[in-house]
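Everything below concerns the one structure shown next.
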Amino acid sequence: MGKVILITGAGGFLGGKLASAIHEDPELTGFRLILVDVIEPRAPPHSNAITIKADLTDPAQADALFNTQYGVYDTVYCLHGIMSRGSEDNFDFGVKVNVDSVRAVLDAARHHGQKTGQLIKFIFTSSLAVYGGPLPDVIQSDTIATPQSAYGMGKLVDEIFINEYTRRGFVDGRILRLPTIVVRPGAPSAAASSFVSGIIREPLQGLESVCPIGDSLTSPELDLPLWLASPDVIIRNFLITRQISATRLLAHTRVVCLPGFTATVREEIAALEEVAGKEAVTLIKFEDDPTNRRVVSSWPSRFDNSYALSLGFIADSGGMVPIVRRFQQQLKAGSV
Ligand SMILES: NC(=O)c1ccc[n+]([C@@H]2O[C@H](COP(=O)([O-])OP(=O)(O)OC[C@H]3O[C@@H](n4cnc5c(N)ncnc54)[C@H](O)[C@@H]3O)[C@@H](O)[C@H]2O)c1
């Protein structure tokens, strides 16, 4: 029987990229991919992935993902969810998806693992949104998380369950707190962080983009720092996560803040100018939105990467310019 890697949220941005990366990884040849989403997920071309359309808020549909006929379950990447603004605007639905359905998948993995004698790796994507309120200048691995949003609260609740299930030997949990990802392809979203990618992505395509931070290129608000990582580094770190020996992780928590880097909004714009010229910058329209600015300003923007790096996780190097350049190349190649 072959080994199985299951991805929930495989129809989304990171889930889709992860599925392709696993399919293309020579070390994972022979693993069977099961891709799950509430929208029909797409299998990477020429793969033998199984695609399942399932609403994971229904525990029976979560249970049905685990079937000995598919193979021996090695890893679950639990990536499904609704994003920050969605869970803030609709609290009950946010809890149902971001907490209840994650617990349903966790329980299904636990019970299947116990039945088959397999300790399943349960890799979960948390977020810097677990932090809020007064924070130190640099977030350390022992900084207490006090979320100030429904999204951050839901992620923290999931983390506590996964840590407890790990302590009890139900699963082998690994929890990744992600930075804001830049450049995210696709259409602008209602997320407060949407502009972080939008002010690069749209101008590179000759389109206007609204920056809700500051009134003009000279506004002091543009010095707002952000904690960022590129999609490529995030996906490589997802792959590294399942290779780390459990004995190297802290005994009392499976939380790891994935490495990121700090860049200000002004530095993002400077990188756009360096890669695509002044004309691209003129496509950014400044419409200062104090509410959006307050939300983004409340997020931490500096973390101590040393624990994550000591485990073998990788970080972006070179700041924003190589990330903007790579996205421009991907646009030209039609691969995003
Ligand atoms: N992209 C980022 O900047 C970022 C930052 C921090 C954390 N994260 C976390 O990473 C994970 C993936 O993020 P993404 O950017 O790929 O998000 P995404 O919105 O692109 O993908 C999420 C997927 O979950 C699916 N989903 C929602 N409800 C479902 C349900 N009931 N049953 C099954 N599937 C359901 C959606 O259909 C969607 O395809 C999420 O858990 C997110 O919270 C992302």
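For what it's worth, our numbering labels the leading residue of the sequence shown as -14, then goes sequentially.
Glycine residues also receive a C-beta, built at the ideal position from the N, C-alpha and C atoms.
Bear in mind the structure is a predicted one, so any value in this text is a computation, not a measurement.
Check	Outcome
Quick one, which of Asp74, Gly66, Ile24, Leu91 has its alpha-carbon nearest aspartate 48's?	Leu91
In terms of residue numbering, what span does the alpha helix (DSSP H) encompassing serine 69 cover?	69 to 74
Got a sec, what are the start and stop residues for the alpha helix (DSSP H) isoleucine 124 sits in?	Premise fails: isoleucine 124 is in no alpha helix (DSSP H) and is neither H nor E.
Hey, quick one: how far does the beta strand (DSSP E) through aspartate 59 stretch, first residue to last?	57 to 63
In three-state terms, what does DSSP make of aspartate 273?	coil
On the three-pair Cβ rule with 8 Å, is the stretch 103 to 115 touching the stretch 154 to 167?	yes
Identify the continuous alpha helix (DSSP H) that holds lysine 263 and give its terminal residues.	263 to 267
Using a threshold of 8 Å, state whether the C-beta atoms of isoleucine 269 and isoleucine 184 are closer than that.	yes
In three-state DSSP terms, what is alanine 89?	helix
Give the list of continuous beta strand (DSSP E) stretches no shorter than 3 residues that lie fully inside the stretch 145 to 170.	157 to 163
For the alpha helix (DSSP H) holding alanine 214, just list the boundary residues, first then last.	Taken as a continuous stretch (DSSP letters only), alanine 214 belongs to no alpha helix (DSSP H), being part of the beta strand (DSSP E) at 210 to 214.
Pull the bridge partners of threonine 36 from the DSSP assignment, please.	Leu20
Look up alanine 28 in the DSSP assignment and say whether it is helix, strand or coil.	coil
In the DSSP assignment, what are the bridge partners of isoleucine -10?	Leu18, Thr60
With a threshold of 16 other CB atoms inside 10 Å of the CB of proline 119, please say whether the residue is buried or exposed.	exposed
On the DSSP letters alone, give me the boundaries of the alpha helix (DSSP H) that isoleucine 108 sits inside.	Here isoleucine 108 belongs to no alpha helix (DSSP H); instead the beta strand (DSSP E) covers 106 to 112.
With hydrogens ignored, establish whether the beta-carbon of isoleucine 7 is closer than 7 Å to any heavy atom of ligand 1.	no
Following the continuous alpha helix (DSSP H) through phenylalanine 180, name the residue where it begins and the one where it ends.	179 to 189
State the start and end residues of the unbroken alpha helix (DSSP H) segment that holds phenylalanine 246.	No alpha helix (DSSP H) contains phenylalanine 246, which is instead part of the beta strand (DSSP E) from 246 to 249.
Do arginine 287 and tryptophan 212 have their CB atoms nearer than 8 Å?	yes
Please report the residue range of the alpha helix (DSSP H) in which serine 194 lies.	Where serine 194 is concerned, there is no enclosing alpha helix (DSSP H), although the beta strand (DSSP E) it sits in stretches over 194 to 196.
Determine the closest residue to valine 23 out of Pro11, Gly66, Gly(-13), Pro188, with distance taken between C-alpha atoms.	Gly66
May I ask whether a heavy atom of ligand 3 can be found less than 7 Å away from the beta carbon of asparagine 75?	As for ligand 3, it is missing from this structure, which binds only ligand 1.
Pick from Thr267, Leu296, Thr232, Ile198: whose alpha carbon is nearest that of threonine 276?	Ile198
Just confirm the distance between the C-beta atoms of threonine 60 and isoleucine -10, as a whole number of angstroms; I'd bet it's less than 8 Å.	5 Å
Could you give the first and the last residue of the continuous beta strand (DSSP E) run that contains valine 240?	240 to 242
Where does phenylalanine 312 sit, in a helix, a strand or coil, going by DSSP?	helix
With DSSP as the reference, label phenylalanine -2 as helix, strand or coil.	helix
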